[in-house]
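A.B. asks: Just add 4 to the spot in the sequence shown (first one is 1) and you have this note's numbering.
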Amino acid sequence: MADEAEEVEPPRVVDRSEHEVSRRDIDPDALKILYRLQDKGFRGYLVGGGVRDLMLGLRPKDFDIATDASPRQLKRLFGNGRIIGRRFQLVHIHYPNGKIIEVATFRSTGESDRVERNGELIHRDNVFGTPSEDALRRDLTINGLFYDIATFAIIDYVGGFQDLEDGLVRMVGDPVHSFREDPVRMLRAIRHATRLGFEIERETRRALESEREEILKANEARLLEEFYKDLASGRSRPYFEELDATGFLELLLPSLTATFRRRGARRGRALLQESLERLDERHARGEEISHVLGLAALLSPLIVPVTETLGGSGNEPNPEPFREALMPALERVRVYRRDAERLWHVLGAWGRLERAMERESIPKSLSRRHYFPEALDVFELLSEPSDELDAFLELGRSLPPPTEEPPEPKRRPRRGGRGRGRGGRGGEGSGGAARARGAARSPAGGAERTSSQESDGGGGRRRRRRRRRTSGKRS
Ligand code: ATP
Ligand code: MG
Numbered sequence: 005m006a007d008e009a010e011e012v013e014p015p016r017v018v019d020r021s022e023h024e025v026s027r028r029d030i031d032p033d034a035l036k037i038l039y040r041l042q043d044k045g046f047r048g049y050l051v052g053g054g055v056r057d058l059m060l061g062l063r064p065k066d067f068d069i070a071t072d073a074s075p076r077q078l079k080r081l082f083g084n085g086r087i088i089g090r091r092f093q094l095v096h097i098h099y100p101n102g103k104i105i106e107v108a109t110f111r112s113t114g115e116s117d118r119v120e121r122n123g124e125l126i127h128r129d130n131v132f133g134t135p136s137e138d139a140l141r142r143d144l145t146i147n148g149l150f151y152d153i154a155t156f157a158i159i160d161y162v163g164g165f166q167d168l169e170d171g172l173v174r175m176v177g178d179p180v181h182s183f184r185e186d187p188v189r190m191l192r193a194i195r196h197a198t199r200l201g202f203e204i205e206r207e208t209r210r211a212l213e214s215e216r217e218e219i220l221k222a223n224e225a226r227l228l229e230e231f232y233k234d235l236a237s238g239r240s241r242p243y244f245e246e247l248d249a250t251g252f253l254e255l256l257l258p259s260l261t262a263t264f265r266r267r268g269a270r271r272g273r274a275l276l277q278e279s280l281e282r283l284d285e286r287h288a289r290g291e292e293i294s295h296v297l298g299l300a301a302l303l304s305p306l307i308v309p310v311t312e313t314l315g316g317s318g319n320e321p322n323p324e325p326f327r328e329a330l331m332p333a334l335e336r337v338r339v340y341r342r343d344a345e346r347l348w349h350v351l352g353a354w355g356r357l358e359r360a361m362e363r364e365s366i367p368k369s370l371s372r373r374h375y376f377p378e379a380l381d382v383f384e385l386l387s388e389p390s391d392e393l394d395a396f397l398e399l400g401r402s403l404p405p406p407t408e409e410p411p412e413p414k415r416r417p418r419r420g421g422r423g424r425g426r427g428g429r430g431g432e433g434s435g436g437a438a439r440a441r442g443a444a445r446s447p448a449g450g451a452e453r454t455s456s457q458e459s460d461g462g463g464g465r466r467r468r469r470r471r472r473r474t475s476g477k478r479s
């Protein structure tokens with residue numbers, strides 16, 4: 005680990021009396037970890053989105069911790085800790101309620117070994133570093149603040165404190181460099197700007213324009229995970245509107261934006277906005293947003309025209325017309341086979357649902373299907389509101405839960421090789437999102453883990469397996 009005397013710029017230190025972060029608002033388990041690190045002579049910093057949200061008076065989704073203890077030392081300190089990751093190891097601390105808190109050793113800035121393979125960026129780095137190096141590797145300045153448990157001060161190496169006060173989204177360091185290093189950061193910048201209602205700082209905005217096409221080099225699985233996260237965020241409409249306005253939607257889902265130019269009663273863009281709005285309303289009611297429901301909203305301008313051709317005629321599942329309409333859209337943002345299969349099941353039930361609604365009766369052969377409740381949700385999301393629809397949904401939701409078990413995704417033989425690499429800093433975000441699905445929500449609604457800057461973790465390995473299984477045969 006580099007000597008800290010080498011650090012060039014001293015950080016701004018914001019005294020506890022000058023900021024809003026209070027221990028009362030920090031998840032008690034995260035606090036215990038911080039104190040234990042301190043007791044054992046290590047540094048314990050709360051980092052990332054947790055600090056940002058606490059400073060803004062919001063409730064963080066997760067509490068990530070950074071320290072100078074190595075993963076092995078962490079493992080010894082925390083019996084419930086598991087080392088995950090290959091390129092960059094970090095430790096997940098597990099709790100009985102399913103909560104996971106991520107503790108990472110400070111990461112170095114050492115220019116990672118950046119390779120481009122098949123047009124996709126791959127990074128290799130496994131070097132631990134100093135707090136300042138760790139801060140300089142982060143994406144946005146507002147995500148680069150540290151809360152120090154030893155002094156209760158905020159330590160700011162990147163100017164994030166001022167940017168939070170000014171409501172600015174700014175990349176750490178040179179934005180062009182940052183985006184080239186990890187194009188997914190472009191989406192993250194837009195996400196945080198729309199989520200927080202922040203302005204995008206000028207240089208960052210310029211780089212978003214000049215580097216836009218770099219997004220095509222981002223790993224497809226990470227893009228998808230980012231999309232799922234935003235679809236389920238409760239702010240999907242403003243986010244995707246901004247992706248549309250900035251040209252990213254057209255780059256990533258060209259066949260979707262092509263519908264915006266078509267004529268018709270429920271035109272593409274309006275349909276998308278309406279569907280996302282309904283998704284956000286659902287989130288506001290505290291209802292879950294599954295991958296399939298999110299995809300159905302995002303792809304609604306392609307799906308709804310197909311539903312209009314079915315005419316309530318179906319007695320049999322009929323996914324084919326949907327598959328045909330959606331496959332071109334799923335080329336650049338590829339959906340895991342499991343989600344795709346579920347989507348075909350759910351959409352394939354559309355004709356049967358229409359018929360059942362007309363007859364005001366739902367056959368058991370439909371309601372017992374594992375996908376029936378989700379099919380009802382999608383039906384609700386994409387149908388024109390009516391009293392008839394409400395009555396039908398009520399009927400459908402009053403039935404006993406499906407008796408059919410969802411099928412296990414088919415296993416395909418493993419192929420050799422390492423599979424495709426991921427872009428970014430060791431695939432940040434993607435592993436986290438995969439894990440987030442596995443991790444149960446903590447009853448306190450507190451420190452459920454979502455994702456981190458590192459995370460080529462256990463989730464990464466699972467994902468690699470899945471990718472191998474699905475490669476060449478997606479969707
Ligand atoms: P959210 O509220 O959505 O969880 P977040 O900022 O906490 O937002 P995470 O994905 O949980 O986002 O990541 C945690 C932290 O890791 C970020 O705050 C940021 O410091 C860092 N990070 C995440 N992704 C990247 C990235 N692609 N490049 C650099 N740093 C990243
Ligand atoms: Mg987070």
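Cβ coordinates follow ideal geometry from the N, Cα and C atoms, glycine included.
Just so you know, these numbers come straight off a predicted model, no measurement behind them.
1) Relative to the C-alpha of A395, which residue among I366, T407 and E408 is closest?
2) Give a single yes or no on whether D160 has its beta carbon closer than 7 Å to a heavy atom of the ligand ATP.
3) Answer with buried or exposed for E24, where buried requires no fewer than 16 other C-beta atoms within 10 angstroms of its C-beta.
4) As a quick exercise: from T134, E358, E328 and E278, pick the residue whose alpha carbon is nearest that of Y161.
5) How many Å lie between R141 and D248 at the Cα?
6) Is it a yes or a no for the segment 18-35 touching the segment 52-68, going by three-plus beta-carbon pairs under 8 Å?
7) Between L385 and A301, is the Cβ-Cβ spacing less than 8 Å?
8) Ends of the beta strand (DSSP E) at E106?
9) Relative to the C-alpha of L303, which residue among F165, A154, R286 and L257 is closest?
10) Could you check the C-alpha separation between A154 and D43 for me, to the nearest Å?
11) Please state whether the Cβ-Cβ distance between L306 and V382 is less than 8 Å.
12) Based on the DSSP output, what are the partners of A70 in its beta bridges?
13) Suppose contacts are defined by Cβ-Cβ distances below 8 Å. Is I97 in contact with I104 by that definition?
14) In whole angstroms, what separates the C-alpha of P14 from that of F165?
15) CB-CB under 6 Å to H295, same chain, minus the five flanking residues each way: which ones, in chain order?
16) Can you find a heavy atom of the ligand ATP that lies under 7 Å from the Cβ of V339?
17) Let me make sure I understand the geometry here. Which of E409, L144 and G85 has the alpha-carbon closest to that of G102?
18) With DSSP as the reference, label G163 as helix, strand or coil.
19) List the residues that DSSP assigns as beta-bridge partners of F150.
20) A360: buried (16+ other C-beta within 10 angstroms of its C-beta) or exposed?
C.D. replies: In this structure, then:
1) Indexing the sequence shown from 1 puts residue 395 at position 391. Looking at the Cα atoms, I366 is the closest of the given residues.
2) In the sequence shown, residue 160 corresponds to position 156, counting from 1. For D160, the shortest separation between its Cβ and any heavy atom of the ligand ATP does not lie below 7 Å.
3) Position 20 of the sequence shown, counted from the start, is the residue given in the question as residue 24. Here E24 is exposed: its Cβ has fewer than 16 other Cβ atoms, across all protein chains shown, within 10 Å.
4) Here residue 161 is taken as the residue at index 157 of the sequence shown, counted from 1. Out of T134, E358, E328 and E278, T134 has the C-alpha closest to the C-alpha of Y161.
5) Taking the first residue of the sequence shown as position 1, residue 141 is located at position 137. Taking the first residue of the sequence shown as position 1, residue 248 is located at position 244. Whole-angstrom Cα-Cα distance: 28 Å.
6) Yes, the segment 18-35 is in contact with the segment 52-68.
7) To locate residue 385, count along the sequence shown from 1; it is residue 381. To locate residue 301, count along the sequence shown from 1; it is residue 297. Between L385 and A301, the C-beta spacing is below 8 Å.
8) Against the sequence shown, residue 106 aligns to sequence position 102. Segment I104 to T109, the beta strand (DSSP E) holding E106.
9) Residue numbering aside, residue 303 sits at position 299 when the sequence shown is read from its first letter. Checked all of F165, A154, R286 and L257; the closest Cα to L303 is L257.
10) For the purposes of this step, residue 154 is identified with residue 150 of the sequence shown, where counting begins at 1. For the purposes of this step, residue 43 is identified with residue 39 of the sequence shown, where counting begins at 1. Going by the C-alpha atoms only, they are around 10 Å apart.
11) Translated into the one-based positions of the sequence shown, residue 306 becomes position 302. Translated into the one-based positions of the sequence shown, residue 382 becomes position 378. In this structure, V382 does not lie closer than 8 Å to L306 by Cβ.
12) By 1-based counting over the sequence shown, the position of residue 70 is 66. For A70, which the question treats as bridged, DSSP gives the partners Y49 and A108.
13) Locating residue 97 in the sequence shown gives position 93, where the first residue counts as 1. Locating residue 104 in the sequence shown gives position 100, where the first residue counts as 1. Taking 8 Å as the Cβ cut-off, I97 and I104 qualify as a contacting pair.
14) The count along the sequence shown starts at 1 and reaches residue 14 at position 10. The count along the sequence shown starts at 1 and reaches residue 165 at position 161. Between P14 and F165, the alpha-carbon positions lie close to 15 Å from each other.
15) Walking along the sequence shown from the start, residue 295 turns up at place 291. Only residues of its own chain outside the window of five on either side were considered, and among them Y232 and D343 have a CB closer than 6 Å to the CB of H295, listed in chain order.
16) Your numbering for residue 339 matches position 335 in the sequence shown. Checking every heavy atom of the ligand ATP against the Cβ of V339, none is found closer than 7 Å.
17) Position 98 of the sequence shown, counted from the start, is the residue given in the question as residue 102. Checked all of E409, L144 and G85; the closest Cα to G102 is G85.
18) Sequence index remark: in the sequence shown, residue 163 carries index 159 (1-based). If DSSP states are grouped into helix, strand and coil, G163 belongs with coil.
19) Sequence index remark: in the sequence shown, residue 150 carries index 146 (1-based). According to DSSP, F150 bridges with V51 and I159.
20) The sequence position of residue 360 within the sequence shown is 356, counting from 1. By the Cβ-count criterion, A360 is buried, with 16 or more other Cβ atoms from all chains shown falling within 10 Å of its own Cβ.
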